[in-house]
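Notes for the one structure printed next.
In UniProt numbering, the protein residues as written are 1 to 299.
Structure (structure tokens):
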């Protein structure tokens, strides 16, 4: 039974849309739960420190903010031995994993879903000593995020992501990719590698619309050449449906696995849930049903 709750909130996320409703959020939480702690981040690393100090003392931990806030809090939470239930109160631009879990993008509606406490065991991705909920990627996907201007992101939101994608599709250079898994090996040029756990990227269901966060498997996509026709299919969220198990086109390869080893030449920046932490090579694996998370209305 959930009695003690901690909300870690980034007051600057998403044009401060959560901060503007914080009084209402806090009031509603205190109506339902016996003990509520509100913690506001002020600088990078605060979320991690709050998790280390409070997470094992509460029954429910809520991350309030955008994908970056969720990433920081989740990475501090996953290694803990005694983990509370984890929930996302979306307050950023894209809020990708919250969408996968069917959480409303309206804060007060999302709060009511959290209060309902519908729970599921969710897979977590691990690479080296880092973790991800949504995706791990190299190639054009990392270049898009690198070149996104934060001011434009705030103004144009998801549109900014896809404008950058379409532009870079014509400028991207292929790299040598070597990939090993039990299910599939690859040793050729590529322009994109995405390892997915969730189904949303940039706020829409793009690469893996049918992703299952409880199946103990990653969805893996290799694009040899980022042609415009493939970009169009990506934006229409049909890649997985159109290219099952490599049957239709050798330029796009899709498979599923629970572990893979990746190396490249030259080194590639790694985009992990929108954060840049390292460069290739890397070993990636699934931690099956590792987090107990609250979900909303899932299809």
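Ideal Cβ positions, reconstructed from N, Cα and C, are used throughout, including at glycine.
Between the beta-carbon of residue 298 and the beta-carbon of residue 102, is there less than 9 angstroms?
Mapped onto the chain shown, residue 298 falls at position 298. Mapped onto the chain shown, residue 102 falls at position 102. Yes; because the gap between Cβ atoms is below 9 angstroms, this pair is in contact.
Compare the C-alpha of residue 15 against each of 92, 44, 196 and 3 and name the closest.
If you number the chain shown from 1, residue 15 lands on position 15. In terms of CA proximity to residue 15, 92 leads the group 92, 44, 196 and 3.
Quick one: does the C-beta of residue 67 sit closer than 8 angstroms to a heavy atom of the ligand COA?
The ligand COA is not part of this structure, which contains no ligands at all.
So, does the region 124 to 139 touch the region 270 to 283, judging by three or more C-beta pairs under 8 angstroms?
Under the Cβ criterion (8 angstroms, minimum of three pairs), the region 124 to 139 counts as touching the region 270 to 283.
In three-state DSSP terms, what is residue 96?
Against the chain shown, residue 96 aligns to sequence position 96. In this structure, residue 96 counts as helix in the three-state DSSP scheme.
Mind checking which residues open and close the alpha helix (DSSP H) that includes residue 47?
Locating residue 47 in the chain shown gives position 47, counting from the first residue. Taken as a continuous stretch (DSSP letters only), the alpha helix (DSSP H) holding residue 47 covers 46 to 54.
Is residue 202 near residue 94, with beta carbons less than 9 angstroms apart?
As a working mapping, residue 202 is identified with position 202 in the chain shown. As a working mapping, residue 94 is identified with position 94 in the chain shown. Yes, Cβ-Cβ distance for residue 202 and residue 94 is below 9 angstroms.
In three-state terms, what does DSSP make of residue 80?
Residue 80 sits at position 80 when you count from the first residue of the chain shown. Three-state DSSP puts residue 80 in coil, outside helix and strand.
If you draw a straight line from the alpha carbon of residue 285 to that of residue 257, how long is it in whole angstroms?
Here residue 285 corresponds to residue number 285 of the chain shown, with the count starting at 1. Here residue 257 corresponds to residue number 257 of the chain shown, with the count starting at 1. Rounded to whole angstroms, residue 285 and residue 257 show a C-alpha spacing of 9 angstroms.
Could you check which residue in 224, 184, 138 and 254 has the C-alpha nearest to that of residue 209?
If you number the chain shown from 1, residue 209 lands on position 209. Closest option to residue 209, Cα to Cα, is 254.
Which of the three DSSP states, helix, strand or coil, is assigned to residue 60?
What you label residue 60 is simply residue 60 of the chain shown in a count that begins at 1. Residue 60 sits in a strand when the DSSP states are folded into three classes.
Taking Cβ positions, are residue 190 and residue 222 nearer each other than 9 angstroms?
In the chain shown, the residue the question calls residue 190 occupies position 190. In the chain shown, the residue the question calls residue 222 occupies position 222. Taking C-beta atoms as the reference points, residue 190 and residue 222 count as a pair closer than 9 angstroms.
When you compare the CB positions of residue 291 and residue 83, do they come within less than 9 angstroms of one another, or not?
For the purposes of this step, residue 291 is taken as the residue at position 291 of the chain shown. For the purposes of this step, residue 83 is taken as the residue at position 83 of the chain shown. For the pair residue 291 and residue 83, the CB atoms are nearer than the 9 angstroms cut-off.
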